[in-house]
Amino acid sequence: MLRLSVILVTFLAALYVPAQTSLKAINIAVPPDSNVLQIPAEVLSEEIARRTGITWAVGTEPGARGAVIFQLDPGLDREAFRIATDNSAEPRITVTSAGRRGAMFAVGYLLRTLDWSKNQVALPGPINTEQAPEYPIRGHQLGFRAHSNSYDGWDEAIYDQYIRDLTFFGTNAVENIPFQDDRQSPVMRMTREQANRTVSAICDKYDVDYWVWTPADFDLLDAEKRAAALKFHEAFYQECPRLDGIFFPGGDPGHNHPREVMPFLQDLSTILPKYHPNAKIWMSLQGFDEEMAAYFFNWLDEHQPEWFGGMVAGPGSPPLPDLRARLNPRYPIRDYPDITHVVRCQYPELNLDQVFALTAGREPINPRPLFYKQVFSATAPHTAGFISYSDGSNDDVNKALWSSLGWDSTRDPRAILVEYARCFFAPESAERIADGILALEQNWQGALRDNDGVPETLKRWQSLEKEHKELGDDWRWQMLVLRAHYDAYQRERLARETALEQEALALLAPEAGKRPTVAMAAALAVLNRAVTDPVRPDLRNRLLELFDALYQNIRLQTDVEQYHAVHPQRGCMLEFLDYPLNNRFWLEDEFHQVLTLPNLQERQARLEVIRTWENPGPGSFYDDIGNLAESPRATRHPDRLGDSGSYWWWDNGMSRTRLSWQVTGSPGSLEYTGLDPQAHYLLRFSGFGDLKPRADDQPLEATLYDTEAHTLKEFPVPPELVADGALRVTFDDVRLEGVNWRQQPRLSEAWLIKLP
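Take the sequence shown: its letter number 708 is residue 780 in the working numbering, and every next letter is one higher.
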């Protein structure tokens with residue numbers, strides 16, 4: 073998509089103009105015959121008052137002491153704006169737009185640019201800019217449903233402020249979920265019907281496009297249900313003050329064939345124009361196989377309906393370049409990027425430590441500016457823009473980033489973060505806050521054990537907290553402060569609980585001289601010190617305060633029982649705050665099984681297997697494939713967006729299996745050096761499903777081959793392959809076509825054992 077307008081942003085320093093111009097005592101002037109500019113003017117006045125305590129009165133005359141003057145120019149693009157300042161003694165800021173939408177974007181620009189603090193607001197320098205966005209669709213899904221980690225707890229005031237805030241970064245579309253997922257949640261302050269009307273009306277207030285996500289999660293061949301759905305849609309359309317787009321997500325959910333879907337959408341297209349004549353129906357190929365996709369494209373090529381707005385590229389859809397090449401050029405593509413999840417998702421965190429996969433979970437507070445800049449650059453050129461998938465306030469930074477990149481894709485992520493900090497926090501500290509957000513992203517890059525930046529990031533945010541006590545009740549601030557404390561707390565726990573496991577396993581050694589029952593009791597006492605003598609209670613207590621504050625302020629539901637999250641995967645960082653970071657659960661269960669063995673020798677033998685699980689003896693090697701810190705011989709795929717099957721979800725996140733089985737990987741190879749050329753070696757693997765290893769490109773024959781979860785496979789290594797003291801192990805592709813990722817083969821652990 074070509075840019076709609078070249079962006080010209082120039083701050084010109086004139087020698088005869090002060091570095092800053094005070095705007096403390098000015099008015100806002102709106103043309104007397106222009107109602108469309110009244111709301112942007114009032115928004116500017118309210119937001120300045122919120123930040124500074126200073127009131128800029130809104131009227132029709134600029135007054136004699138300076139003013140922000142709104143004016144109309146019908147010749148401008150609908151979303152464009154101009155801002156100009158003059159050099160007179162009394163400051164004049166002229167804001168020009170074609171209507172309300174452009175004026176709202178201009179207000180956002182001013183809030184991201186002005187210097188302000190309590191009882192102070194100033195123009196940092198002259199402004200002369202004319203801007204228009206690069207991509208025509210720049211939106212986010214704010215679906216009111218129990219599935220969400222935040223939105224279901226919002227009332228009209230929160231929705232109004234949040235949608236307003238989004239426009240400050242160029243958002244022009246909001247997508248609701250009006251009637252899928254009819255569960256009630258204890259945090260809901262509105263009925264579903266009230267929320268649908270409210271969000272539509274707020275979008276209309278700010279001239280933001282209102283979209284809805286409306287799957288058919290029933291069998292479209294059921295005539296009774298189909299008729300009821302059409303009737304339900306019509307009632308909804310009639311109630312909406314505004315409706316611009318209908319997004320129908322193919323077969324996910326619903327699993328309907330397009331030969332039923334397209335006639336259903338055609339029926340909707342006869343109802344929609346009665347109430348919203350300019351609205352269009354869009355569709356994704358989610359859940360479609362190749363035959364279904366071919367049927368859809370053939371149908372579309374044959375009919376080319378006017379009511380069809382374009383394609384949506386959701387998770388599970390064909391790659392964007394392929395979709396663009398196949399789709400009729402008359403129809404645009406809207407991306408549907410997942411910006412809210414970090415594991416088991418469209419864009420998983422590439423180098424996430426096992427610790428965060430297990431504790432922070434799928435939907436945590438997740439600022440990822442550098443990563444999403446890469447994603448945007450790779451995907452956006454094939455599209456007309458995006459409406460992101462989001463399930464709550466946890467991804468707020470990501471929303472601002474995507475909106476800003478949709479306005480200008482060349483922008484530097486750090487510059488966007490500086491504006492985010494200027495707009496919402498404190499202009500004087502914006503640079504340091506932006507760097508603090510970038511540091512949070514780096515906290516999640518690579519092995520937590522080795523990431524010395526994590527405690528430094530905490531110190532950075534603790535220092536910012538001391539400087540900006542006025543931000544203590546701000547939910548955006550609380551989320552970032554929480555992440556800094558959360559990361560540091562988990563790093564402290566990791567170090568402590570790793571040491572406790574090592575101490576416990578040492579008590580199982582034969583030379584310790586203890587009988588199995590006594591040894592296991594002693595080992596459990598050591599492991600339980602993580603509970604009886606927890607590490608860093610100061611950090612933990614601060615986290616509990618922040619979790620509670622976020623529930624009170626923005627209804628962020630981080631725990632099922634206490635804060636009414638609908639499911640442990642939905643943003644529940646508190647739920648797993650103290651999940652063991654060693655194998656305490658697995659060891660407890662193993663010890664119980666040892667007690668069932670019939671004799672002393674068998675008990676001692678099993679304890680020796682447990683004790684040496686990760687330490688198979690001199691000259692041998694062990695790699696925990698999903699643990700970045702414990703898999704030094706595994707090579708990674710740095711250019712791959714990730715493997716969504718790497719982070720498993722069992723027992724609602726409270727699995728008692730070994731940690732190595734819960735976070736798996738797909739290494740490019742295992743590289744062994746320093747081998748004994750005279751020795752014999754055995755490769756052993758744990759995991760699930762098939763595995764086809766090669767040693768120095770030679771296929772290996774198994775002597776043990778179990779495919780059930782958590783079982784072992786063993787492959788003797790031909791002695792001639794280690795004659796040079798090195799070995800390279802690779803793996804044939806054993807992925808299964810058409811099989812859900814949960815049933816795909818996986819690799820958990822790898823041993824190279826030097827045989828006696």
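Using N, Cα and C, we set each Cβ at its ideal position, and we do this for glycine too.
Between the beta-carbon of residue i and the beta-carbon of residue j, is there less than 8 Å?
| i | j | result |
| --- | --- | --- |
| R683 | L772 | no |
| S475 | R210 | yes |
| V427 | Q562 | yes |
| A136 | E162 | yes |
| L109 | V140 | no |
| H212 | S462 | yes |
| S692 | L824 | yes |
| L520 | T455 | no |
| N99 | A121 | no |
| G464 | G478 | no |
| V607 | R568 | yes |
Am I right that residue i and residue j are in contact with their C-beta atoms under 8 Å? What's the rounded C-beta distance?
| i | j | result |
| --- | --- | --- |
| G215 | V259 | That belief does not hold up - the Cβ atoms of G215 and V259 are roughly 14 Å apart, past 8 Å. |
| N470 | R440 | 6 Å |
| T779 | P739 | Actually they are not in contact, since the Cβ atoms of T779 and P739 sit about 19 Å apart, beyond 8 Å. |
| A385 | Y408 | 6 Å |
| W658 | R565 | Contact doesn't hold; Cβ gap of about 17 Å is too wide. |
| A843 | D522 | Lying before the first or after the last residue shown, residue 843 is absent from the chain, which here runs from 73 to 828. |
| R398 | F369 | 6 Å |
| L747 | L669 | In fact, because the Cβ distance is near 35 Å, the residues do not count as touching under 8 Å. |
| G761 | V735 | The Cβ separation is near 17 Å, so there is no contact. |
| E537 | V526 | Going by Cβ atoms, the distance from E537 to V526 rounds to 17 Å, so no, they are not a contact pair. |
| I235 | C275 | 7 Å |
Kindly indicate which three-state DSSP category residue i falls into: helix, strand or coil?
| i | result |
| --- | --- |
| D410 | strand |
| N613 | helix |
| R486 | helix |
| Y419 | coil |
| I626 | helix |
| G746 | coil |
| F177 | helix |
| P771 | strand |
| F448 | helix |
| L793 | helix |
| G317 | strand |
| I155 | strand |
| Y282 | strand |
| M383 | strand |
| T166 | strand |
| T668 | coil |
| L182 | helix |
| Q92 | coil |
Per DSSP, which residues does residue i bridge with? Please list them.
| i | result |
| --- | --- |
| F803 | P765 |
| M262 | Looking at the DSSP assignment, M262 forms no beta bridge with any residue, so it has no partner. |
| H212 | V246, S460 |
| K352 | G317 |
| Q192 | S189 |
| F757 | K785, A822 |
| T707 | S741 |
Return the CA-CA distance between residue i and residue j, expressed in angstroms with no decimal places.
| i | j | result |
| --- | --- | --- |
| P436 | S222 | 12 Å |
| W733 | H782 | 7 Å |
| A194 | T166 | 15 Å |
| W549 | P401 | 44 Å |
| L808 | T529 | 42 Å |
| A245 | E206 | 15 Å |
| Y282 | R614 | 39 Å |
| Q338 | G359 | 20 Å |
| E421 | H413 | 9 Å |
| A13 | R123 | Since the first and last residues shown for the chain are 73 and 828, residue 13 lies out of range. |
| I318 | N625 | 31 Å |
| P453 | L543 | 38 Å |
| S727 | V333 | 40 Å |
| G171 | Y444 | 31 Å |
| G714 | L424 | Any reading at G714 must be qualified, since the residue scores a pLDDT of 41, below 50, and its modelled position is unreliable; no value is offered. |
| M73 | P208 | With a pLDDT of only 42 at M73, under the threshold of 50, the placement of this residue in the model should not be trusted; the figure read from the coordinates follows. So the two alpha carbons sit approximately 9 Å from each other. |
| L510 | A493 | 12 Å |
| L611 | D559 | 10 Å |
| L649 | D769 | 44 Å |
| F241 | Q233 | 13 Å |
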